[in-house]
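Take a look at the structure set out below.
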Amino acid sequence: MSITDVFWSSSVEELKQGYVREGEYFTCLLCGIRTELGVIYPDDGGYYDAEKAMRRHIGKDHGSVFDCLIDLDKKLTGLTDHQNSLLRLFYQGKSDDEVRTELGIGSASTIRNHRFVLKEKERQAKVYLALMELLKEKDRHAPDIVNVHKTARMVDERYHITADEAAGVLDAYFPDGRDGKLSKFSIKEKHKVIVLTELAKRFENGRVYSEKEVNEILLTAYEDYAVLRRYLIEYGFMDRELDGSAYWLKV
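In terms of UniProt numbering, the sequence shown opens at residue 1 and continues consecutively.
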């Protein structure tokens, strides 16, 4: 199961803590790094078990789980830009007066009204989650939907993909198998998302690559590795240092 699938199948409590336990491993929901039960991890002069090491990793490498989640695309959080700003300030412990001043909102009553709206959104979310869980027990005709990778940019209808549709596209563009060469990359946007999702699997979570290493991996899929590299970054699958000295998987 990919880190994207693990992320979207995790519970609210697991999302809050930023990691899940999968058998003998703890997996970071924010980057995919794993720690293993029974292994002791050295860090800053101390030694930590797998779960404690995972918590330290999240604190050191990601800071706040809240910030990581609220940085997701608005199509994934369901928040408007204004609601996003309010939640950030509330999380920072700002008073209503401080929030009002920082956002240039007219009165304290307006802030209170925003709090009521956010609370209502929370209640609606709980009911919606319950409805969807109940629906899963009855709806036998629902297609298997491919999860959107959480670092996706500009989430839109391109990401409305079923598992069957993705399999058909991959069969068409990788005639010699998923690890083989692409037949072409001059393809429509929705198919591009499917192909890039597959290509991202050729990279390891938590590993930092040089540009040469990225090029060599992508060359196994397509001669124009530079265009693949550019789209992997553009679509939020990978990130890099500004000078191109290092690349890493984001999903």
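Glycine included, every Cβ here is placed at the ideal spot set by N, Cα and C.
Collapsed DSSP secondary structure at Ala32 in the structure displayed: Here residue 32 refers to the residue found at position 32 when the sequence shown is read from its first residue. Correcting the residue type first, residue 32 is Gly in the shown sequence and not Ala. Gly32 falls in the coil class under three-state DSSP.
- prompt: What three-state label does DSSP hand Thr4 in the structure shown?
  reply: Here residue 4 refers to the residue found at position 4 when the sequence shown is read from its first residue. Three-state DSSP puts Thr4 in a helix.
- prompt: Going by the CB atoms, is the gap between Asp73 and Ala152 shorter than 7 Å?
  reply: Here the question's residue 152 lines up with position 152 in the sequence shown. Here the question's residue 73 lines up with position 73 in the sequence shown. Judged by their CB atoms, Ala152 and Asp73 are nearer to each other than the 7 Å cut-off.
message: Could you compute how far the alpha carbon of Glu213 sits from the alpha carbon of Phe26?
response: Against the sequence shown, residue 213 aligns to sequence position 213. Against the sequence shown, residue 26 aligns to sequence position 26. Spanning the alpha carbons of Glu213 and Phe26 requires a straight line of approximately 28 Å.
task: Tell me whether Ile40 is buried or exposed, calling it buried when 16 or more other Cβ atoms sit within 10 Å of its Cβ.
output: The sequence position of residue 40 within the sequence shown is 40, counting from 1. Result: exposed.
field: Sequence ranges, alpha helix (DSSP H) only - wholly within the segment 120-152, length at least 4
entry: Complete alpha helix (DSSP H) runs here, min 4: none at all.
query: Name the DSSP bridge partner or partners of Asp239?
result: Residue numbering aside, residue 239 sits at position 239 when the sequence shown is read from its first letter. Residue pairing of Asp239 in beta bridges, as defined by DSSP: Trp248.
query: CA-CA distance, Asn84 and Pro175?
result: On the sequence shown, residue 84 is found 84 positions in, with the first residue counted as 1. On the sequence shown, residue 175 is found 175 positions in, with the first residue counted as 1. Near 44 Å, if we compare the C-alpha coordinates of Pro175 and Asn84.
task: Taking Val169 as the reference, give the member of Val193, Met154, Lys150 and His149 with the closest Cα.
output: Along the sequence shown, read from residue 1 onward, the residue named residue 169 stands at position 169. Shortest Cα-Cα distance from Val169 to any of Val193, Met154, Lys150 and His149 involves Val193.
message: Does Phe26 come out as helix, strand or coil in the three-state DSSP assignment?
response: As a working mapping, residue 26 is identified with position 26 in the sequence shown. Strand, per DSSP.
- request: Look at the alpha carbon of Arg56 and the alpha carbon of Lys201, and state the distance between them as a whole number of angstroms.
  value: As a first step, residue 56 must be located in the sequence shown, where it is residue number 56. As a first step, residue 201 must be located in the sequence shown, where it is residue number 201. Each residue's Cα considered, the two are about 26 Å apart.
message: My output table needs one value for Gly93: the three-state DSSP class, helix, strand or coil.
response: The residue labelled residue 93 in the question sits at position 93 within the sequence shown. The answer is coil: DSSP assigns Gly93 none of H, G, I, E or B.
message: Let me check one thing: in DSSP terms, what residues is Pro42 bridge-paired to?
response: For the purposes of this step, residue 42 is identified with residue 42 of the sequence shown, where counting begins at 1. According to DSSP, which records beta bridges pairwise, Pro42 is partnered with Tyr47.
field: Whole-Å CB distance - Cys31 paired with Gly206, under 8 Å assumed
entry: Position 31 of the sequence shown, counting from 1, holds the residue named residue 31. Position 206 of the sequence shown, counting from 1, holds the residue named residue 206. About 6 Å separates the CB atoms of Cys31 and Gly206; that is less than 8 Å, so the two are in contact.
- request: Reducing DSSP to helix, strand and coil, say where Arg21 ends up.
  value: Taking the sequence shown and counting its residues from 1, the one referred to as residue 21 is at position 21. Looking at Arg21 - three-state DSSP - the assignment turns out to be strand.
- request: Pull up the DSSP beta-bridge partners for Tyr209, would you.
  value: Indexing the sequence shown from 1 puts residue 209 at position 209. Answer is Tyr247, bridged to Tyr209.
- prompt: Under the rule that 16 or more other beta-carbon atoms within 10 Å means buried, what is Lys150, buried or exposed?
  reply: Position 150 of the sequence shown, counted from the first residue, corresponds to residue 150. Lys150 is buried by the Cβ-count criterion.
Cβ pair Phe203, Leu249 closer than 7 Å: For the purposes of this step, residue 203 is taken as residue 203 along the sequence shown, with counting starting at 1. For the purposes of this step, residue 249 is taken as residue 249 along the sequence shown, with counting starting at 1. Their beta carbons are under 7 Å apart, which means Phe203 touches Leu249 by this criterion.
Gly104, buried or exposed, once every other Cβ within 10 Å from all chains shown has been counted against 16: The count along the sequence shown starts at 1 and reaches residue 104 at position 104. Exposed, since its Cβ has fewer than 16 Cβ neighbours within 10 Å.
field: Status (buried if at least 16 other CB within 10 Å, exposed otherwise) for Met132
entry: Along the sequence shown, read from residue 1 onward, the residue named residue 132 stands at position 132. Classification for Met132: exposed.
query: So, is Tyr235 buried or exposed, given that buried needs 16 or more other C-beta atoms within 10 angstroms?
result: Start at 1 with the first residue of the sequence shown, and residue 235 comes out as number 235. Under this definition Tyr235 is a buried residue.
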